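For the sequence shown, the residue numbers in the numbering used here are 1 to 332.
A virtual CB, placed ideally from N, CA and C, is assigned to each residue, including glycine.
Just so it is clear, the structure is predicted and the values come from calculations on it, not from any experiment.
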Amino acid sequence: MFNGRTALRSAIVGAVVAAMVAPACAAQADPSPEEIQAQIDKGNKQVELVVEQYNKVTGDLAATQASLTSLEADLVPLQSRMDAAHADANAVAVSAYKTGGSLGTWSLMLGAADSGSFVDRVGTLEQISRSQQADLAAYGKAKDAFDTEKRRLNEVLAAQSRQKADLETRKKQIEGDIARLDEMQRKADEAAAAAAAAAKKPAPTTNPVSNPGPPPKVNGAAGKAVSYAWAQLGKRYVWGAAGPDTFDCSGLTMMAWKAAGVTLPHNAAQQYQKVRHISRSQLQPGDLVFYNGLGHVGIYIGNNQIIHAPNSRTVVKVSPIDIDTLYGYGRP
């Protein structure tokens with residue numbers, strides 16, 4: 001009886017341990033190639049959104065830099081007027097000194113903090129002519145305007161610095177995401193090659209690019225956009241790029257329509273805001289097709305196909321229109 005109970009107890013304990021260990025072991029098992037590919041697809045969508053945000057920040061930064069250049073240009077004539085007014089003020093001060101005026105009084109007047117107090121001090125000196133008072137008042141106003149513009153310039157510079165810092169943070173995030181996806185892709189390729197070797201079959205090609213045949217014949221501006229996109233087939237994807245040798249998704253559509261004389265921003269969401277929205281039944285070659293919550297965009301070429309720059313693991317290529325969750329359609 002004792003040996004039987006001991007054997008039964010051992011059997012029960014062994015079964016319980018096996019039941020507990022089996023799921024733990026299963027949880028530690030390497031993901032299948034299908035699971036890895038699903039993770040890559042999810043990661044690609046996330047990276048697309050970050051890339052398009054990066055493109056928008058880049059566009060905003062360019063606009064800030066253009067404003068900064070304009071401000072600096074505006075300051076040039078203001079500085080000239082201020083220098084001229086200052087020279088006039090010095091001339092009046094020298095004249096007053098020679099005729100018996102107080103140079104100390106003039107120095108105090110020229111050091112006024114603002115144009116209002118400056119004009120008040122000018123008005124107290126009866127020996128100055130009206131024209132000379134006007135020259136000096138102009139100097140005070142010019143100085144105030146110059147200082148105001150200078151403060152604005154400093155604010156723009158501060159904003160630009162913050163945007164640059166944000167840009168670098170986003171860049172590092174994107175590079176890290178892409179590196180992780182590349183490693184996942186490598187593992188998926190190795191797993192697929194091992195499975196093919198075990199089955200004695202040729203290893204599958206990652207992201208094959210088939211020959212799409214001759215380009216479609218499209219007239220007008222849309223034809224120019226489609227022809228440009230077609231000429232980029234096989235070129236490498238690089239985030240933030242807009243040609244001539246590498247592209248991301250919105251960079252490709254931006255440059256395609258630029259070839260047709262239409263200006264679009266380098267950002268899928270901003271492109272969607274700028275184009276005329278249409279239905280799928282209205283699609284014509286050259287129209288833009290938007291995906292992934294405005295994280296991706298391609299150019300329609302007819303026959304339910306698009307040309308697009310998918311991600312860093314492939315190149316510009318032709319794909320079916322239903323490659324991802326559709327967001328909308330637009331005509332530049």
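- Rounded to whole angstroms, A222 and G261 show a C-alpha spacing of 10 Å.
- Bridge pairing for A242: F247 [DSSP].
- The alpha-carbon of E190 is positioned some 23 Å away from that of V47.
- I323 sits in coil when the DSSP states are folded into three classes, being neither helix nor strand.
- Membership of G220 in the alpha helix (DSSP H) is indicated by the continuous run G220 to A231.
- Taking G293 as reference, the option from S319, I40, L153 and D324 with the minimal CA-CA separation is D324.
- With the rule of 3 Cβ pairs closer than 8 Å, the region 305-323 counts as touching the region 250-259.
- Between the region 35-50 and the region 227-236 there are fewer than three inter-stretch CB-CB distances shorter than 8 Å, so the stretches are not counted as touching.
- By the Cβ neighbour-count rule, T263 is exposed, with fewer than 16 other Cβ atoms within 10 Å of its own.
- Beta-bridge partners assigned by DSSP to G328: F290.
- Judged by DSSP in its simplified three-state form, R313 adopts coil rather than helix or strand.
- If you compare the alpha carbons of V156, N55 and V57 with that of S67, the shortest gap goes to V156.
- V297 sits in a strand when the DSSP states are folded into three classes.
- For Q270, there is no enclosing beta strand (DSSP E); the residue is part of the alpha helix (DSSP H) that begins and ends at A268 to K274.
- For D287, the number of other beta carbons within 10 angstroms of its own is at least 16, and it is reported as buried.
- Around V238, the same chain offers T246, F247, D248 and S312 as residues with beta carbons nearer than 8 Å, after the five sequence neighbours per side are excluded.
- Within its own chain, the residues whose Cβ lies closer than 8 Å to the Cβ of K164, once the five positions on either side in sequence are excluded, are L61, listed in chain order.
- In the three-state scheme derived from DSSP, where H, G and I count as helix and E and B as strand, Q46 is classed as helix.
- Distance check between P320 and each of R236, G330, P332 and V297 places V297 closest, using alpha-carbon atoms only.
- By the 16-neighbour rule on beta-carbons within 10 angstroms, G234 is exposed.
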